[in-house]
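According to mature numbering (1 follows the signal peptide of the UniProt record, and there is no 0), the stretch in the sequence shown is residues -20 to -1, 1 to 221, in order.
Virtual Cβ for every residue (Gly too), placed ideally from N, Cα, C.
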Amino acid sequence: MKRVFLAILVVVFLSGAANADIILFEDFEDTDVAYTTSVPEFTDNYYDFFLRTDGSDHNSSITYDNVQGDYYFAGMDLDGEGATLPLTMTFAGIDISGYSDLTFSSLFAEDTASDDVEDWDLPDSFKVEYRIDGGAYQNLLAFESIPDGDNFNAVPALDTDFDGNGDGTELTDVLSLFSASIVGTGDVLDVRFTFDLDSGDEDIAIDNVQINGVSAVPVPAAVWLLGSGLVGLIGIRRKTA
């Protein structure tokens, strides 16, 4: 009877199994990208840019460590070439049907200025938002400047409570992993990055954007047959007991 009970536990475990899947992954390594931008990507090859790059499209003094591969996405002084802020990057129409426990993760960095002074001002920001099935956008991650008294040239950091002030992990010139849970389920997910950086030395770099989700694993017919057989076996053993 102990063996039968153990086998039943195996069936129950298999029937409730789940699998974590990568739903979206963008590493910027080629031109077949999963996103759209609100304006065409641009650069002046110096300090005004908004594009997928390997670093050759902007001034060589701007560097980011821990780039995964050769390419990443970066933006600096986003209105320097005439664009109206904010600018956006959107990953739209992501199929999440059948998934739960959704998570977002990505690498983010900010170049250290040549004078070693961080240069985000009080209004500057970078935000990640999401919506499911066309609903209202919800906060996911945000980076804002840490208040330093004069509202200028401050350190950018994670805004943990979305109040407009950086108060968490600081952005550095090393691409570092940040993640957050996406609340809710549905069929279609949109993720939007909003960039509002309007001066020289105000920048952000992005790499390895990823969405994960948990899907229920379909139970093979053989497992159900095993379960049915075990139930029958229990009945036989009881009759002969």
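Open item on the list: Using the Cβ count rule (16 or more neighbours within 10 Å means buried), how would you classify D10?
Closed with: With fewer than 16 other Cβ atoms from the protein chains shown falling within 10 Å of its own Cβ, D10 counts as exposed.
Task: Cβ-based burial, E61 [other Cβ within 10 Å; buried from 16] - done: Its Cβ having fewer than 16 others within 10 Å, E61 is exposed.
TODO: Thinking F88 and L151 are a contact (beta carbons under 8 Å), I'd like their distance in whole angstroms, please.
DONE: Beta-carbon to beta-carbon, F88 and L151 are separated by about 6 Å, close enough to satisfy the 8 Å threshold.
- [ ] Give the range of the beta strand (DSSP E) segment to which E90 is assigned.
- [x] Careful: E90 lies outside any beta strand (DSSP E) and carries neither H nor E.
- [ ] Specify the secondary structure class of F123 as computed by DSSP and reduced to three states.
- [x] Annotated three-state conformation of F123 is strand, per DSSP.
Open item on the list: On the criterion of 16 or more Cβ atoms from any shown chain inside 10 Å, does residue 231 qualify as buried, or is it exposed?
Closed with: Given a span of -20 to 221 for the chain in the structure shown, any question on residue 231 remains unanswerable.
Task: Three CB pairs or more closer than 8 Å across the stretch 65 to 82 and the stretch 138 to 151 - done: When Cβ pairs closer than 8 Å are counted between the two stretches, the stretch 65 to 82 is seen not to touch the stretch 138 to 151, the count staying below three.
Task: Assigned exposure category for I184 - 16 Cβ within 10 Å defines buried - done: That one is buried.
Task: Buried or exposed by the 16-neighbour rule on C-beta atoms within 10 Å, applied to A63 - done: A63 comes out buried.
Task: One or two residues paired with T174 in a DSSP bridge - done: Note: T174 sits in a beta bridge opposite T68 and K107.
Open item on the list: I need the straight-line Cα distance from D167 to L4, nearest angstrom please.
Closed with: D167 and L4 have their C-alpha atoms spaced approximately 14 Å apart.
Open item on the list: Please classify F132 as buried or exposed, where buried requires at least 16 neighbouring CB atoms within 10 angstroms.
Closed with: Flag for F132 reads exposed.
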